[in-house]
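See structure below.
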Amino acid sequence: MTLTRALTAIVAALLTTNLSGCGGDSSSTASAAPPVTDNSGVRGSLIVNPPPRVLSLDTSGVTAQVATFGVLGTQLAGVAGAPRCGIDVHHFEYATVGAAGEKTTASGALMVPTGSDPACTGSRPLMMYAHGSSEVHGVDMTALTPQAPYGVTSIEIAALFVAQGWIVIAPNYAGYDTSTLNYHSHHIADQESKDMIDALAAARKSFAKLQHPVTDNGKLFLTGHSEGGYVTMATLRAMQQAGIAVTAAAPSSGNYAESMGYEALVGTPGALLSISDVVPDDILKYAMQFTAWQKADGDLYQSPTEIYPAGYAPTMETIGPNDTPAATLVAQGRLPAFLLANDEPGVAALSPARQALFGAPDQSLIKTSFLQAAIADAAANPCPATSTTEPLACTPANPVRKAWHRNDLRTFAPTVPLLMCGGHGDTEVDFANTTLTYAYFQNHGAGSSLLAPLDVDSAATAGDPWTAAKAAFVSARNAVIAAGGDPSSTDNYHFLAQAACGVAARDFFKTFQ
Numbered sequence: 001m002t003l004t005r006a007l008t009a010i011v012a013a014l015l016t017t018n019l020s021g022c023g024g025d026s027s028s029t030a031s032a033a034p035p036v037t038d039n040s041g042v043r044g045s046l047i048v049n050p051p052p053r054v055l056s057l058d059t060s061g062v063t064a065q066v067a068t069f070g071v072l073g074t075q076l077a078g079v080a081g082a083p084r085c086g087i088d089v090h091h092f093e094y095a096t097v098g099a100a101g102e103k104t105t106a107s108g109a110l111m112v113p114t115g116s117d118p119a120c121t122g123s124r125p126l127m128m129y130a131h132g133s134s135e136v137h138g139v140d141m142t143a144l145t146p147q148a149p150y151g152v153t154s155i156e157i158a159a160l161f162v163a164q165g166w167i168v169i170a171p172n173y174a175g176y177d178t179s180t181l182n183y184h185s186h187h188i189a190d191q192e193s194k195d196m197i198d199a200l201a202a203a204r205k206s207f208a209k210l211q212h213p214v215t216d217n218g219k220l221f222l223t224g225h226s227e228g229g230y231v232t233m234a235t236l237r238a239m240q241q242a243g244i245a246v247t248a249a250a251p252s253s254g255n256y257a258e259s260m261g262y263e264a265l266v267g268t269p270g271a272l273l274s275i276s277d278v279v280p281d282d283i284l285k286y287a288m289q290f291t292a293w294q295k296a297d298g299d300l301y302q303s304p305t306e307i308y309p310a311g312y313a314p315t316m317e318t319i320g321p322n323d324t325p326a327a328t329l330v331a332q333g334r335l336p337a338f339l340l341a342n343d344e345p346g347v348a349a350l351s352p353a354r355q356a357l358f359g360a361p362d363q364s365l366i367k368t369s370f371l372q373a374a375i376a377d378a379a380a381n382p383c384p385a386t387s388t389t390e391p392l393a394c395t396p397a398n399p400v401r402k403a404w405h406r407n408d409l410r411t412f413a414p415t416v417p418l419l420m421c422g423g424h425g426d427t428e429v430d431f432a433n434t435t436l437t438y439a440y441f442q443n444h445g446a447g448s449s450l451l452a453p454l455d456v457d458s459a460a461t462a463g464d465p466w467t468a469a470k471a472a473f474v475s476a477r478n479a480v481i482a483a484g485g486d487p488s489s490t491d492n493y494h495f496l497a498q499a500a501c502g503v504a505a506r507d508f509f510k511t512f513q
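Start counting the sequence shown at 1; every next residue gets the next number (UniProt numbering).
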């Protein structure tokens with residue numbers, strides 16, 4: 001998900017320094033090779049090699065950059081430790097495919113360690129980081145600033161990993177930043193795993209040609225949070241099937257059991273009437289998800305008017321990601337103000353306050369007829385979405401139910417060390433995604449390499465290997481409280497889990513690097 005609205009305000013209020021003079025890298029550099037352009041469109045090709053370096057920091061520069069995040073930066077410095085390496089950040093572009101298999105481009109951040117410390121030289125471990133959902137188009141993981149959409153995430157992986165000697169590849173995904181794709185394949189497992197694999201192939205082509213050339217030691221680690229947790233798991237599955245060696249993976253707070261939440265909505269009588277706290281960002285995200293399913297499968301609808309009201313249907317497939325805030329899109333009349341319409345069965349019997357959450361049919365994103373078709377199919381063809389043995393043992397006939405079942409990741413058993421992390425109080429991504437997927441993996445032969453799920457919102461015990469991660473959660477929660485925020489809010493809690501699970505991933509990966 002995007003950086004939380006509350007924490008964005010907190011970061012802005014607590015900044016202690018401005019971004020300026022962050023200390024360039026003073027170590028020796030190789031003569032930069034003349035850039036070579038590859039516009040072949042072949043998957044995994046690197047469009048400009050070497051990719052441009054957009055930021056170079058020595059160790060003092062890393063410390064200063066972390067400090068620009070105020071209290072959050074102070075906490076990060078405490079858990080990351082003093083930087084042993086400087087950091088070069090490169091913006092790279094590569095060829096990949098969209099959800100329909102169409103050729104497109106994407107971009108990402110390649111962060112490499114620099115300096116003479118033994119931790120920064122020789123062959124280094126390589127980690128891929130998958131970021132969370134964003135309705136904002138301008139996601140650029142090379143931007144290590146508090147104002148950037150994923151600035152907090154970028155500085156976290158830079159401090160926790162790159163400044164300690166790791167090479168990090170962090171794709172922006174197709175549909176963001178400079179990508180030529182005009183939509184994002186949100187939770188399309190096939191496309192997003194291909195995107196990650198293509199980013200890996202492309203970035204590796206540049207290693208020997210960078211200002212500070214690097215080599216990886218053959219050990220590949222995968223991690224990410226929220227949508228990034230989902231992408232991490234999908235990528236692990238795809239790499240395992242393709243024979244690409246992965247050393248370990250640590251997805252966090254991902255919707256691995258993709259069908260579970262949706263099936264509860266359409267399969268539980270009256271569930272749709274209990275909606276609450278729907279904000280414009282949520283409405284935009286649903287529009288993006290429907291587009292992703294349609295692009296991937298081609299059978300969600302014959303015309304967008306089957307889902308959307310006629311006044312909005314022509315533009316919903318390209319409405320997001322968008323650099324215009326979702327609330328502004330609503331105010332401009334470009335995005336419906338409501339998610340569900342007030343002609344939904346049962347709305348008339350609700351209290352006036354609850355009825356106000358439903359809009360007029362021409363001002364609501366999803367047509368009632370579209371939802372009722374899914375509800376009818378769930379009654380006729382129920383699915384055991386919470387089963388820990390065969391959750392997909394069903395035959396839905398409705399296209400939207402087929403879509404979320406196709407993208408449920410409970411279809412394989414991991415063969416590499418795997419840590420699934422999250423927090424039990426997360427209302428953005430139900431922790432049941434983690435516990436149910438873990439149980440499914442256990443029942444399908446995952447073996448001893450599968451670690452028990454980590455709930456970072458739990459008390460540390462004697463000899464607990466996750467003490468640092470749990471302490472990071474408590475520390476971040478206290479900072480939110482001190483700033484006047486609510487740590488239990490959906491956005492804040494989900495972000496707190498991200499911060500703590502990043503520490504857990506670092507500690508987990510240390511065992512194998």
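All residues carry an ideal CB built from backbone N, CA and C; glycine is no exception.
Neighbourhood of residue i by C-beta distance below 6 Å, restricted to the same chain and skipping five residues each side
i	result
Val231	Ala130, Glu192, Gly224
Asp277	none
Thr180	Thr104, Thr105
Leu210	Pro50
Thr294	The amino acid occupying residue 294 in the given sequence is Gln; Thr does not appear at that position. Contacts found: Leu300.
His90	Pro51, Arg53, Leu110
Thr490	Thr427, Glu428
Where the beta strand (DSSP E) through residue i begins and ends
i	result
Asn217	215–225
Gly86	86–97
Leu76	Careful: Leu76 lies outside any beta strand (DSSP E), inside the alpha helix (DSSP H) at 70–80.
Phe338	338–340
Enclosing alpha helix (DSSP H) for residue i [first to last residue]
i	result
Ala67	59–67
Arg354	352–355
Ala170	No alpha helix (DSSP H) holds Ala170; the beta strand (DSSP E) holding it covers 167–171.
Leu284	280–297
Tyr262	258–267
residue 539	Absent from the model: residue 539. The displayed extent of the chain is 1 to 513, so no value can be given.
Val400	399–406
Glu156	151–160
residue 514	What is shown of the chain runs 1 to 513, which leaves residue 514 out entirely.
Thr467	467–482
Leu200	189–204
Among the options, the one whose alpha carbon lies nearest that of residue i
i	options	result
Asp408	His186, Gly101, Ala500	His186
Trp166	Leu222, Val152, Pro391, Ala199	Leu222
Leu451	Pro251, Val266, Val330	Pro251
Leu76	Gln240, Glu317, Cys501, Val246	Cys501
Arg124	Ser303, Arg204, Asp195, Pro269	Arg204
Glu135	Ala337, Thr318, Asp507	Thr318
Thr96	Gly122, Ile47, Met141, Gly70	Ile47
Tyr440	Glu390, Ala505, Phe338	Glu390
Residue i in three-state terms, based on DSSP
i	result
Leu436	helix
Met111	strand
Asn443	helix
Cys421	strand
Tyr129	strand
Ala500	helix
Phe495	helix
Asp455	strand
Thr368	helix
Pro251	strand
Gly138	coil
Ala462	coil
Leu392	coil
Leu236	helix
Val48	strand
Gly333	coil
Val54	strand
residue 521	Past the boundaries of the shown model lies residue 521; the chain is included only from 1 to 513, so the question cannot be answered.
Arg5	Unreliable positioning characterises Arg5 in this predicted model, as indicated by a pLDDT of 36, which lies under 50. The coordinate reading is nonetheless provided below. In this structure, Arg5 counts as helix in the three-state DSSP scheme.
Val231	helix
Close beta carbons around residue i, own chain, < 7 Å, minus the five adjacent residues each side
i	result
Gly151	Ala143, Leu144, Thr145
Residues of its chain near residue i, where Cβ-Cβ distance is below 8 Å and the 5 sequence neighbours each way are ignored
i	result
Val503	Val79, Leu160, Ala468, Ala469, Ala472
Val162	Cys85, Ile87, Met111, Val112, Pro113, Val168
Nearest-angstrom beta carbon gap, residue j and residue i [assumed within contact, 8 Å]
i	j	result
Asp362	Gly311	6 Å
Ser133	Ser253	Rounded, the Cβ-Cβ distance is 11 Å, inconsistent with contact.
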